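>
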Amino acid sequence: MDAVTLRSTRFGELEIPADAVLEFPNGLIGLGGSRYTLLARSDEAMFVWLHSVDDPAIAIPLTNPWKFFEDFAVELSDADVERIGIDDAAQAQVYVTVRAAEAMEDFTANLRAPILLMSGRGYQVINQAPDSPVRVPLLAGVAENAGQAA
Amino acid sequence: MLGDDVVVEVIEVSGSSVRIGIAAPRSVPVYREEIWRAVKEENAAAAASPVTDLPQNVPASKA
Chain E
80 MDAVTLRSTR FGELEIPADA VLEFPNGLIG LGGSRYTLLA RSDEAMFVWL HSVDDPAIAI
140 PLTNPWKFFE DFAVELSDAD VERIGIDDAA QAQVYVTVRA AEAMEDFTAN LRAPILLMSG
200 RGYQVINQAP DSPVRVPLLA GVAENAGQAA
Chain U
693 MLGDDVVVEV IEVSGSSVRI GIAAPRSVPV YREEIWRAVK EENAAAAASP VTDLPQNVPA
753 SKA
């Protein structure tokens, strides 16, 4: 198995398997680049890093949106369905980007531009579902559920 | 032309308004500017997150 050397300003130098490299044909919105990989401390990690393989300084925290937002839905535009080659976001692994901070209470998520991964490729799409804010406190949905359960 | 693949055409001129069309191959995403800007900003902010260690678990009180 071929390995690729990932140079990271945060994590130093890492060897990653070649098949862990994800191709983003259109990069990320406003951020370009084309090769990224997911870095996580364990399989059950709550958050993962989407780390650029081409630029050592670029890494974005991602999370599984359904862990925090039960009612989260992804609707794809017709243009994205054609561009990506799937009908339904359920055919992909779906992540949302997170602005991380020292305290989890200050984390925010972008529900408007989720990242879809499938078959070694990745795309950032614009969610057509209503009520998908570009910036929402990560714990907003969790706090609501906790309140209702009490 | 915008780049090699994208063509902007004037479709209609009427009074002081001009309607334009954008023809781009299916592989090139076309976004409304304000959404593109907002997402670009969020991506940049997420990439500038001032932490290197990400939490492993949701705090117990919220689980």
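From first to last, the protein sequence lines stand for chains E and U.
Following my numbering, the numbering of the first sequence begins with 80 at its first residue and continues without gaps.
Following my numbering, the numbering of the second sequence begins with 693 at its first residue and continues without gaps.
All C-beta atoms, glycine included, are put in the ideal place defined by N, C-alpha and C.
Quantities reported herein were computed from a predicted structural model and do not represent experimental measurements.
So which residues of chain U does Phe126 (chain E) contact, with C-beta pairs closer than 7 Å?
Residues of chain U passing the Cβ test: Leu746, Pro747.
> Relative to the alpha-carbon of Val127 (chain E), which residue among E:Pro140, E:Glu161, E:Ile108 has its alpha-carbon at the smallest distance?
Checking every option, the nearest Cα to that of Val127 (chain E) belongs to E:Pro140.
> Exposed or buried, what is Ser87 (chain E) when buried is set at 16 or more other beta-carbons lying within 10 Å of its beta-carbon?
When all chains shown are included, Ser87 (chain E) counts as buried.
> Which whole-angstrom value is the C-beta distance of Ile761 (chain U) and Val700 (chain U), which I expect to be below 8 Å?
Any answer about residue 761 (chain U) is impossible in this case: the structure gives chain U only from 693 up to 755.
> Is any beta-carbon of chain E found at less than 9 Å from that of Ile703 (chain U)?
It does not; no Cβ of chain E falls within 9 Å.
> Please list, in chain order, all residues of the same chain as Gln172 (chain E) whose beta carbon is under 6 Å from its beta carbon, the five residues on each side excluded.
Closer than 6 Å at the Cβ level, and outside the excluded window around Gln172 (chain E), lie Leu196.
> Short of 8 Å Cβ to Cβ, which residues in the stretch 169–186 of chain E face chain U?
The residues in question are Thr176, Val177, Arg178, Ala179, Ala180, Glu181, Met183.
> Can you tell me whether Asp159 (chain E) is buried or exposed? The criterion is at least 16 other CB atoms within 10 Å of its CB, across all chains shown.
Buried.
> What's the C-alpha gap between Leu746 (chain U) and Leu85 (chain E)?
In a straight line, the C-alpha of Leu746 (chain U) is about 19 Å away from that of Leu85 (chain E).
> I want to see whether chain U comes within less than 9 Å of Ile165 (chain E), judged by CB atoms only; does it?
So, not an interface residue.
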